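Student: Numbering (this note's numbering), first residue to last: 3 to 226.
C-beta: ideal position from N, C-alpha, C; glycine also.
Here the structure is a predicted model, which means the values were calculated and not measured.
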């Protein structure tokens, strides 16, 4: 289990997290939602040690989390220029079994591996990064907006891969599209502010989505 205990983090005077505690079980997919600026990407950067947490603990099965435990798909993956899809897979997926698995994923996502990534569309770039990252044999997988720019058919392929190959791992993903979270997650954390997080199990997703829609409609009604 991945555990975050009493995590606090600030940018200057702006408090992002104040004593945040969350748990992420193994063999479970956890969705993370919240409005822009609430700190979803910041949390991912803390988990991957891009940012240092200012207080609190982050552990996996009781041991401090290290970067080599985590496969991380950022919102905007970086690619070296003049690199083919196959070359990217070989760099990110380092051992032979990972290289083979990444090519299986790339095939399922209809990616032309002999083409330059410079010539890929936005969605294709996200898919090649996903294929490489998800093939890594690490116990924690973090996917920041994995569906951005990806067509509907590829969305379904990505969800299938996550379901089929996410077993025995902790999988965390964020999305601005609620349906892509409720379709695949076993649980959702709704980050509302530095202190407020609500947890919603799978059986409560429909009621949660309805409440979110009602809240949004009421907000628009009040502004008229």
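Rounded to whole angstroms, what is the Cα-Cα separation between residue 58 and residue 112?
Tutor: Approximately 43 Å between the Cα atoms of the pair.
Student: Relative to the C-alpha of residue 204, which residue among 24, 184, 214 is closest?
Tutor: Cα-wise, what sits closest to residue 204 is 184.
Student: Could you check what DSSP says for residue 127 in three-state terms: helix, strand or coil?
Tutor: Three-state result, residue 127: helix.
Student: By a C-beta neighbour count over all protein chains shown, 10 Å radius and 16 as the cutoff for buried, is residue 146 buried or exposed?
Tutor: The residue in question, residue 146, is buried, as its Cβ has 16 or more Cβ neighbours within 10 Å.
Student: Here's the rule I'm using: 16 or more other beta-carbon atoms within 10 Å means buried, otherwise exposed. How should residue 9 be labelled?
Tutor: It is buried - the Cβ of residue 9 has at least 16 other Cβ atoms within 10 Å.
Student: Go ahead and label residue 54 buried or exposed: buried means 16 or more other beta carbons lie within 10 angstroms of its beta carbon, across all protein chains shown.
Tutor: Looking at its Cβ environment, which holds fewer than 16 other Cβ atoms inside 10 Å, residue 54 is exposed.
Student: Here's the rule: buried if 16 or more other CB atoms are within 10 angstroms of the residue's CB, otherwise exposed. What is residue 202?
Tutor: So residue 202 counts as buried.
Student: When DSSP builds the beta bridges, which residues end up paired with residue 189?
Tutor: In the DSSP output, where bridge partners are listed per residue, residue 189 has 32, 203.
Student: Do the CB positions of residue 137 and residue 107 come within less than 7 Å of each other?
Tutor: Yes, the pair counts as a contact, with Cβ atoms nearer than the cut-off.
Student: So what's residue 59 in DSSP terms, helix, strand or just coil?
Tutor: Here residue 59 sits in strand by DSSP.
Student: Could you tell me the alpha carbon to alpha carbon distance between residue 88 and residue 116, rounded to whole angstroms?
Tutor: If I take the Cα positions, the gap works out to 6 Å.
Student: Could you give the DSSP three-state label for residue 208: helix, strand or coil?
Tutor: Residue state, collapsed to three classes: helix.
Student: Leaving aside the five residues before and after residue 90 along the sequence, list all residues of the same chain whose C-beta is less than 7 Å from its C-beta, in chain order.
Tutor: Contacts found: 81, 119, 130, 134.
Student: Which residues mark the beginning and the end of the alpha helix (DSSP H) in which residue 81 is found?
Tutor: Neither: residue 81 is in no alpha helix (DSSP H) and is coded neither H nor E.
Student: For residue 8, report the span of its beta strand (DSSP E) as first-last.
Tutor: Residues 4-13.
Student: DSSP three-state label for residue 113, please.
Tutor: Note: residue 113 maps to coil in three-state DSSP.
Student: Using the C-alpha atoms, what's the distance from residue 179 back to residue 65?
Tutor: Each residue's Cα considered, the two are about 33 Å apart.
Student: Taking the alpha helix (DSSP H) that residue 119 belongs to, which residues open and close that run?
Tutor: Where residue 119 is concerned, there is no enclosing alpha helix (DSSP H), given that its DSSP letter is neither H nor E.
Student: Using alpha carbons as the reference points, say which of 173, 110, 195 lies closest to residue 189.
Tutor: It is 173.
Student: Helix, strand or coil for residue 179 per DSSP?
Tutor: Coil at residue 179, not helix or strand.
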